[in-house]
Every structure is written in structure tokens, then in C-alpha cells.
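For reference, the structure is listed below as C-alpha cells.
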Amino acid sequence: MDNCIFCKIANGEIPSATVYEDDDFRAILDIAPAHKGHTIILPKTHAANLFELPDDIAGKLLPVAKKVAAALKEELGCDGINILQNNGTAAGQTVFHLHVHVVPRFDGDGILPVWPQGSYAEGEAAALAQKIQAKMK
Ligand code: 5GP
Ligand code: ZN
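Under this note's numbering, the letters of the sequence shown match residues 1049 to 1185, in that order.
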């Protein structure tokens, strides 16, 4: 993708505060961190979102997130870590090159919204689960 800023950052054409790099990924400090140390992991090949991400890259992504999370915890002494990945504007995605956020959290920081706790009517969850399951066959 010629015009994708995260392609350019991931491949080193634009400098970044890199915390980790391997053949497939570059992990960098987010320019507008929720907390200092907030890291985003960028695949080196372009995929706009999770739906476009090849399975082999997807399979390597969580181990990298784990590695980054462990390093952040050790360096920052944070109390928790969120791993977040937004797909689509409705979900808060603003840069359309897939990336995974690794966000250090501190007790009581309240920096991320907590979603509402909804509920299902009797039998509704089972019926919906079956419909979703059918889409994966
Ligand atoms: P999204 O909302 O798409 O999940 O997250 C995009 C993230 O990328 C935001 O947290 C934003 O601060 C970060 N970001 C956007 N442009 C740049 C950039 O040029 N450099 C870095 N390091 N982070 C960026
Ligand atoms: Zn890209």
C-alpha cells in the first residue's frame, strides 16, 4: 500500500520508537499513548483489518503481544494490560492498517470505557450461538 503510514513505519521508511521487531512485525510506542509505554504492533505486510489478515500472520501475532506485554509489565510495573484490536470505524479504528494495542493499566486509572452488561432472554443465547456456529462451517 503506497499511501499507508503504518506500512511505512512498519518497514522502517518512517522512523519510530521501536520496542520490538522481527521478520513479520514492528512494535512501536503509540504517538498518543493512553499511558506512557502504550505500544502498537504492526504487521509488516498490509492488511486493513482482521478480516484481511493472513492466518499465518494472525497466528504469530498473539505471541508477540505476549512478549511486549511482559516487557511493559516489567519495565512499568503496571497492574494490568489490555490487548485491543479495533476493526472498522464503529469499533474505533482510525488507521486502516491492522494493529494491536498493548495498553498498560494501573489500578483505578479508569482510562478505558467499560461496556454495558446486557442479558439474553431464555433460549436466545443458544439460538444465536447456533446461527453464528453455522457461519463458520
Ligand atoms: P486505532 O484507533 O486505529 O485502533 O489506533 C490508531 C492508533 O495509532 C492511535 O492510538 C494513534 O495514536 C496511533 N497513531 C496514529 N498515527 C501514528 C503515528 O504516526 N505514529 C505512532 N507511533 N502512532 C500513531
Ligand atoms: Zn499498510
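Where a beta carbon is used, it is the ideal one built from N, C-alpha and C, also for glycine.
Which of helix, strand or coil DSSP assigns to residue i
i: THR1066; result: strand
i: PRO1164; result: coil
i: GLY1128; result: strand
i: VAL1151; result: strand
i: GLN1141; result: coil
i: CYS1055; result: helix
i: GLN1181; result: helix
i: GLU1061; result: coil
i: LEU1109; result: helix
i: LEU1176; result: helix
i: GLU1170; result: coil
Residue closest to residue i, alpha-carbon to alpha-carbon, out of the options
i: GLY1158; options: ILE1129, CYS1055, GLU1069; result: ILE1129
i: VAL1112; options: GLU1100, ILE1088, ALA1096; result: ILE1088
i: TYR1068; options: LYS1114, GLU1100, PRO1102; result: LYS1114
i: PRO1161; options: ASP1050, ALA1175, ALA1082, ILE1062; result: ALA1082
Cβ-Cβ distance between residue i and residue j below 7 Å
i: LEU1026; j: HIS1149; result: Absent from the structure is residue 1026, since the part of the chain shown begins at 1049 and ends at 1185.
i: ALA1058; j: LEU1077; result: no
i: LYS1056; j: ASP1072; result: no
i: PRO1152; j: LEU1120; result: yes
i: ALA1075; j: VAL1116; result: yes
Cutoff 7 Å: residue i Cβ touching any chain C Cβ
i: LYS1092; result: Chain labels in this structure do not include chain C; a single protein chain is all it has.
Quiz item: Is the number of C-beta pairs between the stretch 1123-1141 and the stretch 1164-1179 that are closer than 8 Å three or more?
Solution: no
Practice problem: Taking only runs that begin and end inside the stretch 1074-1107, name each unbroken beta strand (DSSP E) of 3 or more residues, in chain order. | Solution: 1087-1091
Practice problem: Please determine if the stretch 1092-1101 and the stretch 1132-1145 are in contact, where contact requires at least 3 C-beta pairs separated by less than 8 Å. | Solution: yes
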